[in-house]
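Engineer:
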Ligand code: BGC
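Below you can see the structure in the form of structure tokens.
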């Protein structure tokens with residue numbers, strides 16, 4: 000069971016944003032249209048045997064041609080905000096030089112459509128679609144890519160700075176390094192293991208330069224960046240498991256958050272030999288740790304860690320779902336991820352543990368006392384969906400109860416943890432974005448891992464709302480009713496003729 004939409008609405012703090020998220024490469028398709036250049040991902044995905052089922056991103060959800068319909072579906076859903084990403088090779092076909100006008104035009108239309116429908120845009124500058132030309136020059140192993148990201152951000156700031164409400168410079172650099180350069184599961188498919196370390200620094204520097212460029216363009220929106228966070232849990236009381244969990248915590252969490260929020264790399268990293276193998280002047284850290292207006296946190300699951308190579312870097316159930324045999328790396332790794340047998344698991348094999356949503360926030364609050372306001376910029380779950388056709392009415396329903404419960408439980412856990420008296424009460428939590436609006440191209444897993452509130456038939460490209468879509472719609476309606484009632488109470492309390500501030504009223508939801 001999960002909390003009712005009405006009760007959950009009553010827990011949401013005043014002004015809490017409910018949104019949905021996507022990324023360009025995962026939904027747009029139209030890879031060769033209107034002057035878009037190739038991304039590293041175009042080539043990676045075209046290699047036989049790389050993507051589950053050899054699925055192709057060439058059409059994806061065809062969002063590029065169906066954008067107005069998708070915005071209409073968001074409007075019907077009632078969301079406050081939409082997080083999308085700009086496609087880098089659509090805007091700069093080779094990753095450098097002047098902008099491609101037709102690429103900018105697409106996002107002009109998207110932004111206008113969102114604003115006309117009352118949906119606040121949150122835009123990610125970089126969500127993994129590095130232009131192929133840059134990948135051919137070394138991608139994130141090359142320091143120059145960071146400067147290219149800064150220039151690209153300047154183009155975006157200039158073109159869209161008047162309409163984007165919130166900017167995310169980069170999304171999950173940890174995943175790009177781990178999957179793209181350490182294990183070879185994502186583009187550009189490199190398995191450099193510890194040799195991938197420069198990609199951490201170069202992405203973070205790219206963030207710093209993008210932030211600087213957006214500030215210089217005087218964009219009117221707030222600026223933040225997004226890291227994924229997974230609490231690391233030792234597999235047993237064996238002290239070595241604890242050490243292993245600590246190492247994973249360093250490699251996946253603090254390595255990316257400390258430089259941004261503390262202005263320095265963790266001590267263990269600074270002491271490591273590889274740290275001196277590439278350029279990282281102090282000025283880089285100043286750029287990387289420049290103040291943010293908000294911090295984006297993606298939370299999907301906790302990770303259970305055990306010492307030793309195990310049978311592979313991750314449990315077989317996960318490796319298979321990702322379309323890869325990564326047991327090859329198992330022999331060299333000093334620790335591995337353990338399955339969580341007692342937990343409900345998603346189609347990806349990811350444990351469903353909503354209580355760790357609060358733990359993630361608690362750990363962030365304890366580690367970073369000066370944390371800016373936080374948005375959960377992604378959270379969601381892949382489950383296989385079943386379409387149920389009602390012959391009498393000839394309608395289709397998709398009862399995705401498990402996804403719906405995942406979302407309800409995680410939003411509940413996040414708002415409770417950050418409410419007064421909660422385990423992460425010092426955090427100002429401003430919103431939650433569901434990953435994802437639509438089923439989409441889930442990177443190496445192709446179309447096999449559906450996360451959408453909208454089901455997409457990848458043959459007809461028809462969109463069908465799932466039960467989770469209707470649940471979110473109901474949650475938003477309940478929240479709006481509470482807000483309206485709060486406004487009415489405030490209005491009744493104001494002496495006749497006095498002005499009512501339109502943002503100052505406390506909804507009853509916040510008082511409950
Ligand atoms: C990424 C998304 C991805 C989602 C589910 C996040 O790591 O930002 O692009 O689809 O997780 O795997």
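Residue numbers (our numbering): 0 to 511. Backbone N, C-alpha and C define an ideal beta-carbon position, used for all residues, glycine too. Quick caveat: nothing in here was measured; it's all calculated off a predicted structure.
#1: Could you spell out the range, first to last residue, of the alpha helix (DSSP H) harbouring residue 479?
#2: For residue 315, collect the residues of the same chain with a Cβ closer than 6 Å to its Cβ; drop the 5 residues on either side in sequence, then sort them by chain order.
#3: Starting from the C-beta of residue 176, find all residues in its chain whose C-beta is less than 6 Å away, skip the five residues before and the five after it, and write them out in chain order.
#4: According to DSSP, residue 344 sits in a beta bridge with which residue or residues?
#5: Return yes when at least one heavy atom of the ligand BGC lies under 7 Å from the C-beta of residue 174, else no.
#6: So, helix, strand or coil for residue 374, using DSSP?
#7: What number of angstroms, rounded off, separates the C-alpha of residue 290 from the C-alpha of residue 9?
#8: For residue 79 versus residue 11, is the C-beta spacing smaller than 8 Å?
#9: By a C-beta neighbour count over all protein chains shown, 10 Å radius and 16 as the cutoff for buried, is residue 516 buried or exposed?
#10: Indicate the three-state DSSP secondary structure (helix, strand or coil) for residue 293 in the structure shown.
#11: Using the C-alpha atoms, what's the distance from residue 403 back to residue 470?
#12: What separation, rounded to the nearest whole angstrom, lies between the Cα atoms of residue 354 and residue 261?
#13: Would you kindly work out how many angstroms separate the C-alpha atoms of residue 179 and residue 187, rounded to a whole number?
#14: Between residue 24 and residue 165, is the Cβ-Cβ spacing less than 8 Å?
#15: In angstroms, rounded to a whole number, what distance separates the CA positions of residue 455 and residue 3?
#16: For residue 406 and residue 275, I'd like the C-alpha separation in whole angstroms.
#17: Roughly how many angstroms lie between the CA atoms of residue 268 and residue 1, to the nearest whole one?
#18: Take residue 305 as the anchor and find which of 286, 282, 464, 336 has the nearest alpha-carbon.
#19: In the structure shown, what three-state DSSP assignment does residue 52 receive?
#20: Excluding the 5 residues preceding and the 5 following residue 357 in the sequence, name in chain order all residues of the same chain whose CB lies nearer than 8 Å to its CB.
#21: Nearest to residue 351 by alpha carbon, out of 279, 239, 250, 230?
#22: Let me make sure I understand the geometry here. Which of 251, 310, 334, 277 has the alpha-carbon closest to that of residue 243?
#23: Given the structure, does residue 132 come close to the ligand BGC, in the sense that its CB is under 7 Å from one of the ligand's heavy atoms?
#24: Return yes when at least one heavy atom of the ligand BGC lies under 7 Å from the C-beta of residue 297, else no.
#25: Between 382, 401, 205, 490, which lies nearest to residue 138 when the distance is taken from Cα to Cα?
#26: In the DSSP assignment, find the alpha helix (DSSP H) that holds residue 181 and state where it starts and stops.
#27: Counting only runs of 3+ residues fully inside the segment 374-452, write out the beta strand (DSSP E) ranges in chain order.
#28: Mind checking who residue 463 pairs with in its DSSP beta bridge?
#29: In this structure, how does DSSP classify residue 568 when only helix, strand and coil are distinguished?
#30: Roughly how many angstroms lie between the CA atoms of residue 129 and residue 42, to the nearest whole one?
#31: Can you tell me the Cβ-Cβ gap for residue 15 and residue 379, rounded? I've got them flagged as a contact below 8 Å.
#32: Span of the alpha helix (DSSP H) holding residue 87?
#33: Along the chain, which unbroken stretches of the alpha helix (DSSP H) at least 4 residues long are found entirely within the segment 103-138?
#34: Should residue 519 be labelled buried (16 or more other beta-carbon atoms within 10 Å of its own) or exposed?
#35: Just checking: is the beta-carbon of residue 317 within a distance shorter than 8 Å of some beta-carbon in chain C?
#36: Return the bridge partner residues of residue 81 from the DSSP annotation.
Structural biologist: On the basis of the coordinates in this document:
#1: Locating residue 479 in the chain shown gives position 480, counting from the first residue. Element bounds for residue 479: 466-492.
#2: Your numbering for residue 315 matches position 316 in the chain shown. None.
#3: Counting from 1 along the chain shown, the entry for residue 176 is found at position 177. Hits under 6 Å: 195, 198, 199.
#4: By 1-based counting over the chain shown, the position of residue 344 is 345. DSSP output for residue 344 lists 350 as bridge partner(s).
#5: Here residue 174 is taken as the residue at index 175 of the chain shown, counted from 1. Correct: residue 174 has its Cβ closer than 7 Å to the ligand BGC.
#6: Here residue 374 refers to the residue found at position 375 of the chain shown. Per DSSP, reduced to three states, the secondary structure at residue 374 is strand.
#7: Start at 1 with the first residue of the chain shown, and residue 290 comes out as number 291. Start at 1 with the first residue of the chain shown, and residue 9 comes out as number 10. Taking the straight line from one Cα to the other gives about 32 Å.
#8: Sequence index remark: in the chain shown, residue 79 carries index 80 (1-based). Sequence index remark: in the chain shown, residue 11 carries index 12 (1-based). For residue 79 and residue 11, no; Cβs fall outside 8 Å.
#9: Nothing can be reported for residue 516: it is not among the residues displayed for the chain, which extend from 0 to 511.
#10: By 1-based counting over the chain shown, the position of residue 293 is 294. DSSP places residue 293 in strand when its eight states are reduced to three.
#11: Within the chain shown, numbered from 1, the residue matching residue 470 stands at position 471. Within the chain shown, numbered from 1, the residue matching residue 403 stands at position 404. The straight-line gap from Cα to Cα measures roughly 7 Å.
#12: The sequence position of residue 354 within the chain shown is 355, counting from 1. The sequence position of residue 261 within the chain shown is 262, counting from 1. The alpha-carbon atoms of residue 354 and residue 261 are separated by roughly 27 Å.
#13: In the chain shown, residue 179 corresponds to position 180, counting from 1. In the chain shown, residue 187 corresponds to position 188, counting from 1. Near 6 Å, if we compare the C-alpha coordinates of residue 187 and residue 179.
#14: To locate residue 24, count along the chain shown from 1; it is residue 25. To locate residue 165, count along the chain shown from 1; it is residue 166. Contact: no.
#15: As a working mapping, residue 455 is identified with position 456 in the chain shown. As a working mapping, residue 3 is identified with position 4 in the chain shown. In this model, residue 455 and residue 3 are separated by some 27 Å (Cα to Cα).
#16: Here residue 406 corresponds to residue number 407 of the chain shown, with the count starting at 1. Here residue 275 corresponds to residue number 276 of the chain shown, with the count starting at 1. Each residue's Cα considered, the two are about 43 Å apart.
#17: Within the chain shown, numbered from 1, the residue matching residue 268 stands at position 269. Within the chain shown, numbered from 1, the residue matching residue 1 stands at position 2. Near 42 Å, if we compare the C-alpha coordinates of residue 1 and residue 268.
#18: Position 306 of the chain shown, counted from the start, is the residue given in the question as residue 305. Residue 336 is the option with its Cα nearest to residue 305.
#19: As a working mapping, residue 52 is identified with position 53 in the chain shown. Helix at residue 52.
#20: Position 358 of the chain shown, counted from the first residue, corresponds to residue 357. Excluding sequence neighbours, residue 357 sits near 412, 413, 415, 416, 421, 422, 423.
#21: What you label residue 351 is simply residue 352 of the chain shown in a count that begins at 1. Among 279, 239, 250, 230, the Cα nearest to that of residue 351 is on 230.
#22: Within the chain shown, the letter at position 244 stands for residue 243. Of the candidates 251, 310, 334, 277, the one whose C-alpha sits nearest the C-alpha of residue 243 is 334.
#23: Along the chain shown, read from residue 1 onward, the residue named residue 132 stands at position 133. Checking the Cβ of residue 132 against the ligand BGC gives no.
#24: Here residue 297 corresponds to residue number 298 of the chain shown, with the count starting at 1. Checking the Cβ of residue 297 against the ligand BGC gives yes.
#25: Counting from one through the chain shown, the residue named residue 138 turns up at place 139. Of the candidates 382, 401, 205, 490, the one whose C-alpha sits nearest the C-alpha of residue 138 is 205.
#26: Position 182 of the chain shown, counting from 1, holds the residue named residue 181. First-last for residue 181: undefined, no H or E at that position.
#27: 387-389, 394-396, 428-434
#28: The residue you call residue 463 lines up with position 464 of the chain shown. The beta-bridge partner set that DSSP reports for residue 463 consists of 454.
#29: Outside the displayed range of the chain (0 to 511) lies residue 568, so it cannot be described from this structure.
#30: Along the chain shown, read from residue 1 onward, the residue named residue 129 stands at position 130. Along the chain shown, read from residue 1 onward, the residue named residue 42 stands at position 43. So the alpha carbons of these two residues sit roughly 11 Å apart.
#31: The residue given as residue 15 occupies position 16 in the chain shown. The residue given as residue 379 occupies position 380 in the chain shown. That belief does not hold up - the Cβ atoms of residue 15 and residue 379 are roughly 18 Å apart, past 8 Å.
#32: Locating residue 87 in the chain shown gives position 88, counting from the first residue. Segment 87-90, the alpha helix (DSSP H) holding residue 87.
#33: Along the segment 103-138, the alpha helix (DSSP H) occurs as fully enclosed runs of 4 or more residues at 131-135, listed in sequence order.
#34: Any answer about residue 519 is impossible in this case: the structure gives the chain only from 0 up to 511.
#35: Checking the listed chains, one finds no chain C in this structure; it contains a single protein chain.
#36: Taking the chain shown and counting its residues from 1, one reaches residue 81 at position 82. Its beta-bridge partners are 19, 120.
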